[in-house]
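Comments concern the structure below.
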Amino acid sequence: MALAVRQLVEAWTAESNGKAEVVCVEGSAIDAVSALGISRGHITAITAAHALQWLTWAGASGGAFGRRRGTALGRFGAWWLVAALGGISNDWPTNPDVLGALASELQWFWWDAAEPVLGWQLQLAVELPAEGLAWAISARDAT
């Protein structure tokens, strides 16, 4: 999963000023965000479609100084990340219906640390309730 996130925002981290962090915990999305060192902020549930839009945007974007990679690559990165979350990335290529069902089984959240938004950021948390696992993603790039 961490590799899938790093590949998704590689233009931010390799071609610009960005950084990306990913944690996995046993517990909830709030536990995962807390594991990033966030002690206060906001978290709100979002739909799988909304989460995939954010992931696609991040993968397509070049960040502050990187080259824009385009929606097709962003979409691939979003699907690859969902496959990694569900443990099916070794079964690639995966049927799009399977990926859609998996994305819908996951519980998605947008979070922030109650700080101003500067530049590009992707701050998602996701829960896999059946496994009792949660991940938090913090990727950002600034000018």
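Residue numbering for the sequence shown follows the UniProt record's numbering, beginning at 1 and increasing consecutively. Backbone N, C-alpha and C fix where the C-beta goes; we use that ideal spot for every residue, glycine too.
| Query | Result |
| --- | --- |
| 8 Å Cβ cutoff met for W108 and I46 | yes |
| Pairwise C-alpha distance: L128 and L36 | 18 Å |
| Alpha helix (DSSP H) segments (min. 4 residues) lying fully within the region 79-135 | 96-105 |
| Buried versus exposed, by CB contacts within 10 Å (16 or more), D141 | buried |
| Sufficient close CB pairs (3 or more, under 8 Å) joining the region 112-121 to the region 49-64 | yes |
| Nearest neighbour of N17, chosen from G63, A2, L81 and H50 [CA to CA] | G63 |
| Burial state of S39 (16 or more Cβ within 10 Å) | exposed |
| Same chain, Cβ closer than 6 Å to A84, neighbours up to 5 away in sequence not counted | M1 and A4 |
| Where the beta strand (DSSP E) through V22 begins and ends | K19 to E26 |
| Endpoints, the alpha helix (DSSP H) within which I30 is located | A29 to A35 |
| Alpha carbon of S61 to alpha carbon of S104, nearest angstrom | 24 Å |
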